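Participant:
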């Protein structure tokens, strides 16, 4: 970043963005991004009742069970993080 | 050979130049008009902060068309208020009163023992522990008591002596002698006390000089020559003719006791700064030193070395003075503080020396006639003065210029320019030498010990923070913060804190130093413990500073300090100050404690507070403890509620304290608590009700005032029933105190009456019968109108009473006073009537009162001589408006007055008359006095030639009010006559005139455009263009609106032509306003009337015009919103072109047009065009200019709204994992704003990721299908 843009609105914009959990940055790897995607997806499924109901029908589970499952999956949605190659 | 080389070189240069001109960027002069592009702004700010703006009635009515706020408020920078935001740097001491200046009397105490750090160990004897400090405090208190006792005894003795002396008949001599001796005695006492203190303290001599408080007071600022007077001549030799020394200081040498010299130091300040000076009478005093060189004297005689007085007070000793007259670089007074006063004294002294220097032979020759005089030989015994100091002063002067000499060049001399500091340090002010002088000694750094090096480093950094440029300051501050623990708390605070006590400190410097403390506090954390008291000494004064921000800063520091040091240390550090003998110290300590309480929580401090408030030892401790509670209430407001009961319990016994001051502060604290808790918490005050109400019967004066104040704040918390009972209980005392001559009491009584009356349980009848008669008899007198605060309080209280008892009682009582002969009193009456009537209406007022009222108001209005606050005008307006139709009978009379006053010689009177018309126009209409208004209209019209702009503005305002009320058709003079008269007035540059005029013209354009020929409107259009750049936002807004009205009235073509031409002008502000006006015309007259001409204008190959067109398009699409869907295809080619232009501003403006377009047509089926435009916008994401990139990002945001997040995500995906970091950064930024904007919508559009060995990236749920 140049010295001149350190104080302009755009840097503030990035600061603002960085406050949200799901946002990314240039050094994000595939795994981290995928985790965000998965969690967002589960949150979205749980948030939309019709979708939840649809999944319940498809999986032949109760809606509450589906919701519980999704919430559980949000913990480690993609499994353990892969070992870093660089260190 | 040589010419050959030169030739080759020249050849090469020529070729290079040719190449350069080929590769250089050349601009197409056809396209850019060959104009100077430097004058252009390469990017335009898009969003600026908004400022809240008071709505004005007329503007709101007119505001059917709007322009973006960022434009309307964009103000061209004027020259006149450029420095409005910058205060000249000011010294803190200059604005302080005597009380606040007492901060300089405090001593920065040495560090104290940190019980936490040393654990179980017994503290070293050399360390000051809590016990030591407490002992010293006790000693000080005892000493003060003793001194007071001595003084008292002396006084008694003196009185006795006077009585006795009068009887004996030798009164004057007898009275003078003991008086003089008194002083001696006193100082000797002090000496003794100091010695005693020294013995008691074992090895800690830091406050010895301070132990002589009497001295500073009785001989505070010695001027040269005064010392001698103060000392009685005890058989001294008369030596003054021997050496005529400057300043007659010889005499001080003859003083019998050595104690005099230290006594001559200006009050304690300097002593405190460098506590090294030990007062020791020197044994060698008898030797005459007057022929010695003063330079050597400083070091040769132990006296000068031992007493800092010699260096500190150059005014006293000639030594310092001559020393400083020719300062040598190294010796620039590193010894002591030099206050500005001393500097002035020095300068003055030097000047006097110059004038009084002995005349030379040449001068004498020139003065006296040649004959008749004889030059005598000097006597053999005469020895000329050889004092080098005097030689230095005696500058040889050429003949004829007795008072001025061209000085000889002296390269070693410093003049007034401070020596340049080595190593890029910022410049030092003379006062700084004392603290930073060591930095000037350019010794080898390597030779210094590590400790000294550290000190030097700290000093350098501090100097940079204090006097450096902002970048210097910033890095220095960062270094200080980062290395705080490395430097250590001791060296840091030992350097910083004395600086804060510097008498010449400026606001800005203090702010910076306080900031340093704040930062290092955070880093040092528990290491600050030994220094807590030191820090408090310099920070506490900030708590009572008159500057709000200083107070806040002080609170912040103390709060951080208490978090770093912990409650125990804070209490240990501040406990000794709680019963300090100095009220100033106690006051600031109480405030500091309240900050500690709010930082660490009140419950933590409660036990300590309880103990302090019950202290048996001294009333000062109780007083301070209770004051802490008061300060807590003031500081944290309603947050006291959870602890209210315990706080009240802690202080309640103070109401019955034996000391009057404690009783007073207790009542005041209760008042503060009740005020903070309002409207809750009455149950916590149950226990104090009885003592309070009992107290008001037994107390008088100040205590009573405090008690009443507490009652006044407690009553509003009560239930109606209790409030009524307790009010009746207190009321007879209040009524008794109505007659009190004490101003403070009056104010408190008024306030309490107001508080009592406004509570629910107090009935109107009771007030009417019991309070009103006395109230009016005592308070409604002329004297009350003279003091501003009394005046305000009385008006407020009366209005509050009126709210209870109604208009009639109050107005009926004071209406007669409208004809009082005192004008301030009339004004007070008028203000009260205005407030009462506008609160409660005039329905209570009967016919008789109405008559009296109008009569009185007319009288008061006509008799006024000065009315800056418009009290009379407002009162008149309020009464007339609330009476409504009932004023009809009086209107002719009122209008007569107005007409007469419109013709008055004084501009102020004319202005007021015109203002009155605009206030009562609505009522006149209600009374169906249209004929009268028409008449007034004609009169006003005749006065349009008014030359005072303020008056002219008011006249225009009055005309506007009349036009608004009676309408365009009935207006006299007719609109077609009125408007041409207004056109030239539009040229007037005065803001008030402009605003009223443009409002009037706008109103006519809106409602009665057809009465005026189109040509007149065109003329007005031209005038209006100028007004688009007015300073005031209201004017610009009204102008833009008026454009809309005019365009609607006469059709857009002509107006548009004018505006488009205006795009070619150079001035940016003007162009910006024009683009707004174009957009407004487009909105008023439908876009299709404007767009063709506008787009055609884009073909003009001129940067300004094209940008103006793009900007207009941007505004246009902003205003027309969804209407844009019909035009989007028409302007797409133009935007394509603009988005591909080489000029940045083109792309920026086009991007913002695209944004508005996209937002306007979201969901209206224009996706194809938008995707097309997005393809043109997208390549601009790598722009770096802030405004451009901002516009581009916003355009993409607009696209997200219009096209959906999925589309934009697909654009994004290509770069999120791009190999180049710069690219990834930009793409992630876009992704992030996309994510924040529509996180949920992205779920469906995320790409399918393949699973990797252990990790599941796929989302199987989305594959489900029923």
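Protein chains in written order, with the UniProt record's numbering: chain A, 1 to 87; chain B, 1 to 1266. Backbone N, C-alpha and C define an ideal beta-carbon position, used for all residues, glycine too. Keep in mind it's a predicted model, so treat the numbers as computed, not measured.
1) Assign residue 1299 of chain B to one of two classes, buried (16 or more other C-beta atoms within 10 Å of its C-beta) or exposed (fewer than that).
2) For residue 1119 of chain B versus residue 1079 of chain B, is the C-beta spacing smaller than 8 angstroms?
3) Work out the CA separation of residue 535 of chain B and residue 493 of chain B for me, nearest whole Å.
4) Taking contact to mean 3 or more Cβ pairs, one atom from each stretch, closer than 8 angstroms, check whether the stretch 1213–1226 of chain B and the stretch 50–69 of chain A are in contact.
5) Buried or exposed for residue 938 of chain B, please, with buried defined as at least 16 other CB atoms from any protein chain shown within 10 angstroms of its CB.
6) Name the chain A residues whose beta carbon is nearer than 8 angstroms to that of residue 1264 of chain B?
7) Does the stretch 144–157 of chain B come within contact of the stretch 555–574 of chain B, defined as at least 3 CB pairs closer than 8 angstroms?
8) Closest by CA to residue 967 of chain B, which one among B:942, B:984, B:925, B:952?
9) Which residues, in order along the stretch 15–28 of chain A, keep a beta-carbon less than 9 angstroms from a beta-carbon of chain B?
10) Can you check DSSP and say which residues form a bridge with residue 91 of chain B?
11) Taking just the CA atoms, how far does residue 856 of chain B sit from residue 580 of chain B?
12) Tell me the rounded alpha-carbon separation between residue 874 of chain B and residue 916 of chain B.
13) Mapping DSSP to helix, strand and coil, what is residue 777 of chain B?
14) So with CB distances below 7 angstroms, who are the chain B contacts of residue 37 of chain A?
15) When the cut-off is 8 angstroms and only beta carbons count, does residue 1231 of chain B lie next to chain A?
16) Tell me residue 112 of chain B's beta-bridge partners as DSSP assigns them.
17) For residue 826 of chain B, count neighbouring C-beta atoms within 10 Å of its own C-beta (all shown protein chains included) and say buried if the count is 16 or more, exposed if not.
18) List, in order along the chain, the chain B residues whose C-beta lies closer than 7 angstroms to that of residue 45 of chain A?
19) Kindly indicate which residue of B:1266, B:1255, B:527 has the alpha-carbon position closest to the one of residue 82 of chain A.
20) Which term fits residue 21 of chain A, buried or exposed, when burial requires 16 or more other beta carbons within 10 angstroms of its beta carbon?
21) Taking the alpha-carbon of residue 112 of chain B as reference, which of B:99, B:96, B:129 has the nearest alpha-carbon?
22) Against residue 80 of chain A, what residues of chain B qualify as contacts under a CB-to-CB distance less than 9 angstroms, listed in chain order?
23) Candidates B:376, B:646, B:678, B:622: which alpha carbon is nearest residue 655 of chain B's?
24) Considering only residues of the same chain and omitting the five flanking positions on each side of residue 202 of chain B, which have a CB-CB separation below 6 angstroms?
25) Using a Cβ-Cβ distance under 8 angstroms, would residue 62 of chain A count as near chain B?
26) I'd like to know if residue 1243 of chain B contacts chain A, where contact means its C-beta is closer than 8 angstroms to some C-beta of that chain.
27) Which stretch, first to last residue, makes up the alpha helix (DSSP H) that contains residue 830 of chain B?
28) For chain A, check one thing: does any of its Cβ atoms lie closer than 8 angstroms to the Cβ of residue 1144 of chain B?
29) If residue 596 of chain B sits next to residue 516 of chain B, beta carbons under 8 angstroms apart, how far is it from one beta carbon to the other, in whole angstroms?
30) In the stretch 708–725 of chain B, which residues sit with their C-beta less than 7 angstroms from some C-beta in chain A, listed in chain order?
31) Examine chain A for any beta-carbon lying closer than 8 angstroms to the beta-carbon of residue 1046 of chain B, and answer yes or no.
32) Residues of chain A with CB closer than 7 angstroms to the CB of residue 1225 of chain B, please, in chain order.
33) For residue 586 of chain B, does the three-state DSSP call read helix, strand or coil?
34) Which value, in whole angstroms, describes the spacing of the CA atoms of residue 1272 of chain B and residue 1239 of chain B?
35) So the alpha helix (DSSP H) residue 1068 of chain B belongs to, where does it begin and stop?
Facilitator: Judging by the given coordinates:
1) This structure does not reach residue 1299 of chain B, given that chain B is present from 1 up to 1266, and the question cannot be answered.
2) yes
3) 8 angstroms
4) These segments do not touch.
5) Residue environment for residue 938 of chain B: exposed (fewer than 16 other C-beta atoms within 10 angstroms of its C-beta).
6) Against residue 1264 of chain B, the close residues of chain A are 54, 55, 58, 59, in the order they occur along the chain (beta-carbon pairs closer than 8 angstroms).
7) With a cut-off of 8 angstroms, the stretch 555–574 of chain B and the stretch 144–157 of chain B do not count as touching, because too few Cβ pairs lie within range.
8) Distances from the alpha-carbon of residue 967 of chain B to those of B:942, B:984, B:925, B:952 put B:925 closest.
9) 16, 17, 18, 20, 22, 23, 24, 25, 26, 27, 28
10) Residue pairing by DSSP puts residue 91 of chain B in a beta bridge opposite B:506.
11) 59 angstroms
12) 9 angstroms
13) helix
14) 1246
15) Output row for residue 1231 of chain B: interface = yes.
16) According to DSSP, which records beta bridges pairwise, residue 112 of chain B is partnered with B:128.
17) Here residue 826 of chain B is buried, its C-beta having at least 16 other C-beta atoms within 10 Å.
18) 1261
19) B:1255
20) exposed
21) Closest option to residue 112 of chain B, Cα to Cα, is B:129.
22) Neighbours of residue 80 of chain A across chain B, judged by C-beta separation under 9 angstroms: 1254, 1255.
23) B:622
24) Any reading at residue 202 of chain B needs caution, since the residue's pLDDT is 41, under 50, leaving its predicted position unreliable; the model's value is listed next. For residue 202 of chain B, where only same-chain residues beyond five positions count, there are no Cβ hits under 6 angstroms.
25) no
26) yes
27) Annotation for residue 830 of chain B: the continuous alpha helix (DSSP H) segment containing it runs 823–840.
28) no
29) With a Cβ gap of about 21 angstroms, residue 596 of chain B and residue 516 of chain B do not count as contacting.
30) none
31) no
32) 26
33) In the structure shown, the three-state DSSP call for residue 586 of chain B is helix.
34) Coverage of chain B is limited to positions 1 through 1266, which leaves residue 1272 of chain B absent and any answer about it impossible.
35) Counting along the chain, the alpha helix (DSSP H) containing residue 1068 of chain B begins and ends at 1068–1084.
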